[in-house]
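Residue numbering for the sequence shown follows this note's numbering, starting at 0 and increasing by one per position.
Every residue, glycine too, gets a C-beta built ideally from N, C-alpha and C.
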Amino acid sequence: MFKALADPSRRRLLDLLHRENGQTLTALCAHLDMTRQAVTQHLQLLQDANLVAIVWHGREKLHYLNPVPLFAIYERWIEKFERNRLGVLRDLKRTLENDDDDKA
Numbered sequence: 000m001f002k003a004l005a006d007p008s009r010r011r012l013l014d015l016l017h018r019e020n021g022q023t024l025t026a027l028c029a030h031l032d033m034t035r036q037a038v039t040q041h042l043q044l045l046q047d048a049n050l051v052a053i054v055w056h057g058r059e060k061l062h063y064l065n066p067v068p069l070f071a072i073y074e075r076w077i078e079k080f081e082r083n084r085l086g087v088l089r090d091l092k093r094t095l096e097n098d099d100d101d102k103a
């Protein structure tokens with residue numbers, strides 16, 4: 000998954016799907032300065048990484064963002080660092096509020 004996220008074009012595709020989920024290849028290509036084949040290859044890598052899901056609607060192939068793997072990364076790697084930082088800010092707020100009470 001990290002390999003899929005490493006490329007700025009693939010991150011742009013994910014951003015486009017986040018903004019408007021369920022887009023066709025044609026709709027996605029309209030926002031990118033690359034060939035249709037290149038977009039298809041990027042989408043395939045994102046699909047292989049389970050970041051994009053494909054749903055057929057008649058003859059249209061719709062691409063959807065799958066946020067579950069990204070949330071798993073957040074829970075595993077990011078949230079634990081956020082928790083510590085937010086705890087420090089909470090403690091600082093309490094300390095500053097107590098200093099204000101002591102001065103009053």
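Contact between the segment 15-27 and the segment 56-71 is present: 3 or more CB-CB pairs across the two stretches fall below 8 Å.
Less than 9 Å separates the beta-carbon of R9 from that of H41. Under DSSP, W55 shares a beta bridge with K60. Out of Q36, L45, L27 and T34, the CA that lies nearest to the CA of D6 is found in L45. The beta-carbon separation of A48 and M0, rounded to 4 Å, stays under the 8 Å limit for a contact. The beta carbons of L50 and L69 sit closer together than 9 Å. Taking a contact as a CB-CB distance under 8 Å, the pair L15 and H30 counts as one, their CB atoms being some 6 Å apart.
Between the alpha carbons of L95 and I77 lies a gap of roughly 27 Å.
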